[in-house]
Amino acid sequence: MIIIVEEPKHAAAIEALLDASFGPDRFNKTAYRLRDGVDSIPALNLVAIEHDEHGHEIVVGTIRYWPILVGGTTPTLLLGPIAVAAHLQGSGLGSKLIRMSLNKAVALGHKSVILVGDAPYYERFGFSRALTLGMQMPGPVDMNRLLGLELVDGALSGVAGMIGQAPKADALGRPMAVPATMAANLAGDTSVPFSFLFSRTATERVWTDRVRTDWFWRGGLQAGAA
């Protein structure tokens, strides 16, 4: 298995996976209103790929991110949807997609992420309901499932108001410049150290000397690693 940045050729397979995971009713959810007519963020959209006996690609996992605004002024990211093929449920692939994409979001200078999901699952990545208490969604949502994560300390402090679509000018959340070494790594140069690792525990961040092949990168991102 490999995990790569989503490409246009994966679109149909991703939609099929989302249909199998959530059904067509997913389009009626409030979170989809925030995505409707808005381009997702290509650099953060990942797919997990297996190959059949003929070498054909099979999309077995997907995660996407979208630009949004809180209170009309604060840019942030909306995580979702994320889906994993039925035969890989419980394998750790979902966690891997989340950690990898959050690492990329940090590297690209994004400051925060919100999502609608189950707190007991997403708390392991540092998401918290406490960070979204002043926010509202533009439609019905179980507000206990509206969770936030700060990629930069204090990024969501005092942030409140209605969550809405971001204009195209904010499509990347106005990220900071990426250091040359990290930019090269994100482009696929495995000789460049990928030194920022998103911790397995809450939002602890550690700078290390590990290279891209270490930790969850080990072994070409084999399935089953948590």
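The C-terminal position of the sequence shown is numbered 655 in my numbering, with every residue numbered one higher than the one before it.
Note that beta-carbon positions come from the ideal geometry of N, C-alpha and C, so glycine has one too.
#1: Excluding the 5 residues preceding and the 5 following histidine 480 in the sequence, name in chain order all residues of the same chain whose CB lies nearer than 8 Å to its CB.
#2: Mapping the DSSP letters down to three states, classify isoleucine 443 as helix, strand or coil.
#3: Among Ala441, Gly577, His439 and Leu585, which one has its Cα closest to the Cα of alanine 548?
#4: Run the proximity test for proline 596: is its beta-carbon closer than 6 Å to any non-hydrogen atom belonging to the ligand SAM?
#5: Would you report the Cα separation of glycine 593 and proline 569, rounded to the nearest angstrom?
#6: Assign methionine 566 to one of three DSSP states: helix, strand, or coil.
#7: For threonine 561, does the count of other Cβ atoms within 10 angstroms reach 16, so buried, or fall short, so exposed?
#8: In the structure shown, what three-state DSSP assignment does proline 596 receive?
#9: Taking just the CA atoms, how far does glycine 590 sit from lysine 533?
Once the coordinates are examined:
#1: Glu486 and Ile487
#2: helix
#3: Gly577
#4: Within the structure as shown, the ligand SAM is missing, as the structure has no ligands at all.
#5: 14 Å
#6: coil
#7: buried
#8: coil
#9: 27 Å
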